[in-house]
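Q:
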Amino acid sequence: MKRREFSQAASAAAALALTGCGGGGGGSSDAGAAADGPAANAAPTAAAAQRDAPAGVRASGPTIGTNLSGMEWARPVLRYGQSSMPNLNFTVPRAADAAYLASIGYTRNRLPIQWELLQPMLHDTVANDAARAAIGQPGEFHAGYEAYIMGVLDAHAAAGITCIVDLHNYCRYQDFVYQEDGSVVGLTVAKDGLVRPWTTDASQVQERIFALAPGATLKVANYTDFWTRAARKLKDHPGFGGYGLMNEPHDLPVPGGTVASAGGEDLTIWPTFAKAAIAAIRAVDTVNPIYVAGNEWQAAMTLGKLNPGWPLEGANLVYEVHLYLDSHSNGFAFDFDTEQGKNFSAGQGGRAIDMDTGAERLRMATDWAKSKGVKLALTEIGMPIDDPRWEEMFRRTVALARQEGVEIYTWMGGNHWPIRNYAINNVPGWHQNRTLEPAVAGVLKAAAGLTQAALFDDAGGAAAPGAPVEITVYARGSLGAPVRVTVASSNGGTFSKTVLTIPAGANGQDSFTFTPAANSVATLTYTVEDGGQLGGQVPPPRKVFSLTDPVAYAATSLADAAMAILAKYGASKWDLADGHTDYMLGGPAGEGAAVRAVADSGYGSSPGNAMEMINWINKEMGPSGTMKVPVMRVVNGRKTSDHSAENTFGFWCKKSESQPGIQEKPKNRIAFGIEEGHFALAAVSVPAAGNTGVVFQASKAEDNQTAELALSGGRPQARWIDANGHTVELTAAQALAANQPAVLAFSSQPGAQRLRVNGSEAGSAGDQLAKSQFNQLLIGWGFRNYYPNDGFGGNVFAVIAGKGVPSGDEMTVLERYLGSIAGVKA
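For reference, each letter of the sequence shown is one residue, going 1 to 826 in the numbering used here.
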């Protein structure tokens, strides 16, 4: 889908970010592993995940899956700029992705790949020795990128499922301009061999496009050469699930033309190329399925209308279509009322979208497929999470797909950093120390008749005297029958009801209110009657506070007093005692194990907005950069994540931002912007006296704004930079002592910023900061302007962050509490 192309940051080395627009649309021309540390406490193997999965969700079920997006993200500045670093500009799915998806019943996934990264020089390129030495020999596959693909297939084979390899190039190929002598002007080779060669002259990059006319720059022979080579490598792999010939052909040249058109394209170009590719593959592989897209972004609505000569000849062909639920079926607009107000529906004309829009779009393709006796796959569809009406539209669409025997693959799974908490995704999260299944998976599983779910709960935790707290218990996944949940209090209070019913089907929930006794701390616990569907699993105990004076209560219980303050401000807490080896099928991390998941054990999360901290980088499938994963250490009996290894990428909580007309009020959001009151505390230690780097950061991945705790030459520092570039920087006079735990804290509100170290003020300012959105929180490092910010290189015991400005006494309680976690001497 074209939404995977991105705008370039100011720096040529910048990573690329999601911008929107393009695919699956149709009908609308009127709209605008050594580094991971020892294997102790590692996540279960893929085979173990399959073994332990309930029988109803093993890989023998219906063909459902997701797109493991990430390996195709290096465009559009590939060849011009250094946008080709693994784990930064693109990311390879991990074995854990395949294992987890198999464990919830997915049977086949789709792996988008980028032609230019796999075959960096077309087979008939005339290149001189210098260009060949830098770029590769004509036609040859890049060994490293090929290894990534094979690693993903290996992971699928180990999980007992398969994977389609999808050429995700839109009938285009981004290439250098080769001079008559075979050279490339400005060709530059990076010192790091993982970064692909590029040119310093943007004019020396060209976009080749499929064409049949004389002068075509991307010819049938180029395409068949690619698929012949690929088929020889892929055909016998046990994890291989089929050939995705080309993603979303669109805007090809007009008849007799050789450049992209904006209308009037020659509709015979793509069928001609497709026929040739099918013949080339079948000359090598007579068995595996071939997935054939259609013209005009392979829209479901135009499958039978805009593809001359279809169906094509050939055995085991599957016709693949895309559709989304917004008015123009582009998959990048998520505000339901805005979309409905456009009074337009792609493929249907001048009518507003409704609950049946997706199903009606799909039926245009299924009717054609049935009339021709051919197979059909819906290889891209998404479910925005921000409105239940989207979920109902999606449910009706996938129900029709299952009824008609259509394969279904959601957009977008995978492992690349911008995917997380995009409004359409199939990425699992981490909540209450368990994998949080994406909402889209529950609907997909329900349509496929799979029953498997887990229960979670979320709520505020502080009540004013006599006021109730609303608590929601919800399932992620699909239940085959209703589940009864009983809730009880350890310390009185009153309930609106004590028995909840989570309905059968996808993502059910029920809510209740609890009014605690005055000036009390109550622990709520759950029991379930699930008929074996959940294996007795329940949400963890939940504390609710109605303390008259939480600060004074610290004399009774420091921990409860601190948690009551966190509840008051709806703040999150990430305690490394909760560190787990993975956010997919992970377990508690022991000494020396990689740490990839830390749950919010405070009160910042809400249904649809788990404030997890995760690390996603892939170090298991070949050369992948110098990035490292934090490692668990136990120091004086206290768990801490070790970020001291050079280039350690820490933990990341990636969220959405409000976009007028696109996503007005995202559920998955950061609670505060830089202009609002906010605060953060971190309990850390450093191995040396002069460390420099980020400890905690609230920021925006694509821009410069930030609010962060850091070290500068060992001295604690708080820094704020708003969207206008206005900077406030406070630096303590003294450096932290090596190997001594300390608590750093900042707070900010309009006209007042503070830095505190171990409970004492270390700096202050009185600035006003311009309105600036944040879409991420990070621990142990930072990420701004599309690029990583170095971490501080020490150990993290726990971090707190929230909206509002606690009083001085409240901050003291929080500081003492974090100090107790880290072992700070009173």
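Backbone N, C-alpha and C fix where the C-beta goes; we use that ideal spot for every residue, glycine too.
Check R395 in the structure and name its three-state DSSP category.
A: helix
Q: Whole angstroms are fine: how far does the CA of L585 sit from the CA of A34?
A: Caution applies to A34, whose pLDDT of 31 falls short of 50 and renders its modelled position unreliable; the model cannot decide the point.
Q: Helix, strand or coil: how does DSSP classify V374 here?
A: coil
Q: Might you give, ordered along the chain, the residues of its own chain that have their beta carbon closer than 8 Å to the beta carbon of V284, omitting 5 neighbours on each side?
A: T228, A231, R232 and K235
Q: Tell me S760's beta-bridge partners as DSSP assigns them.
A: V757
Q: Mapping the DSSP letters down to three states, classify H237 as helix, strand or coil.
A: Coil.
Q: Within the continuous beta strand (DSSP E) that includes I113, where are the two ends?
A: R108 to I113
Q: Round the Cβ separation of R715 and A735 to the nearest angstrom and send it over; I've been treating them as touching at under 8 Å.
A: 5 Å
Q: For R669, does the three-state DSSP call read helix, strand or coil?
A: When secondary structure is reduced to three states using DSSP, R669 falls in the strand class.
Q: Report the residue from G309, V487 and D251 whose alpha carbon sits nearest the alpha carbon of A274.
A: The residue from G309, V487 and D251 with its alpha-carbon nearest to that of A274 is G309.
Q: Put S820 into one of helix, strand or coil per three-state DSSP.
A: helix
Q: To the nearest angstrom, report how far apart C653 and L777 are at their CA atoms.
A: 5 Å
Q: Here's a check: name, in chain order, each residue in its chain whose Cβ is nearer than 6 Å to the Cβ of F394, leaving out the five neighbours to either side.
A: M383 and V443
Q: So is R809 buried or exposed if we call it buried at 16+ other beta carbons inside 10 Å?
A: The question names Arg, yet the displayed sequence has Asp at residue 809. D809 should be labelled exposed.
Q: What does the Cβ neighbour count give for A133, buried or exposed, with the cut at 16 atoms within 10 Å?
A: exposed
Q: Can at least three beta-carbon pairs, one atom from the segment 242-259 and one from the segment 290-307, be found at a separation below 8 Å?
A: The segment 242-259, when compared against the segment 290-307, does touch it at the 8 Å Cβ threshold.
Q: Within 7 Å: the Cβ of K445 and any heavy atom of the ligand FMN?
A: The ligand FMN is not part of the structure shown, which contains no ligands of any sort.
Q: Based on the DSSP secondary-structure assignment, which residues constitute the bridge partners of R351?
A: Bridge pairing for R351: absent [DSSP].
Q: Considering only DSSP beta bridges, list what M613 is partnered with.
A: V598
Q: Quick check on W198: does DSSP put it in helix, strand or coil?
A: Of the three classes helix, strand and coil, the one that applies to W198 here is strand, per DSSP.
Q: Could you say which of Q509, P465, A562 and V485 lies nearest to S520 if we only look at CA atoms?
A: P465
Q: Quick check on the DSSP output: what are the complete alpha helix (DSSP H) runs of length 4 or more inside the segment 287-341, in order along the chain?
A: Fully enclosed alpha helix (DSSP H) runs of 4 or longer: 295-298 and 336-340.
Q: What are the partner residues of C163, as DSSP defines its beta bridges?
A: DSSP, once it has assigned bridges, lists N109 and F240 as partnering C163.
Q: Which residues does DSSP list as the beta-bridge partners of E529?
A: R484
Q: With a threshold of 8 Å between beta carbons, is A798 in contact with chain D?
A: No chain D appears in this structure, which consists of one protein chain only.
Q: Can you tell me whether A706 is buried or exposed? The criterion is at least 16 other CB atoms within 10 Å of its CB, across all chains shown.
A: It should be pointed out that residue 706 corresponds to Thr in this sequence rather than to Ala. Buried, since its Cβ has 16 or more Cβ neighbours within 10 Å.
Q: Just to check my reading of the structure: A463 and P428 have Cβ atoms closer than 8 Å, yes? What is that Cβ distance to the nearest angstrom?
A: Not a contact, Cβ separation roughly 32 Å.
Q: Taking only three categories from DSSP, how would you classify I674?
A: Looking at I674 - three-state DSSP - the assignment turns out to be coil, as it is neither helix nor strand.
Q: What does the Cβ neighbour count give for N636, buried or exposed, with the cut at 16 atoms within 10 Å?
A: Burial call: exposed.
Q: Pick from P388, W417, G358 and R434: whose alpha carbon is nearest that of A401?
A: G358
Q: Below 6 Å CB to CB, which residues in the same chain sit around K342 once its five sequence neighbours on both sides are set aside?
A: S327
Q: Quick one: grab the DSSP three-state call for L18.
A: Since pLDDT at L18 reaches only 34, below the 50 mark, its modelled position is unreliable, and the value read off the structure follows with that caveat. Correct three-state label for L18: strand.
Q: Which of helix, strand or coil does DSSP assign to V427?
A: Here V427 sits in coil by DSSP.
Q: Let's test the definition: count the other Cβ atoms within 10 Å of the Cβ of R784 and tell me whether it reaches 16, buried, or not, exposed.
A: buried
Q: For V185 and Q206, which I take to be in contact (beta-carbon distance under 8 Å), what is that distance rounded to the nearest angstrom?
A: The Cβ separation is near 12 Å, so there is no contact.
Q: What does a CB cutoff of less than 8 Å around G350 pick up in its chain, not counting 5 residues either side in sequence?
A: N343 and F344
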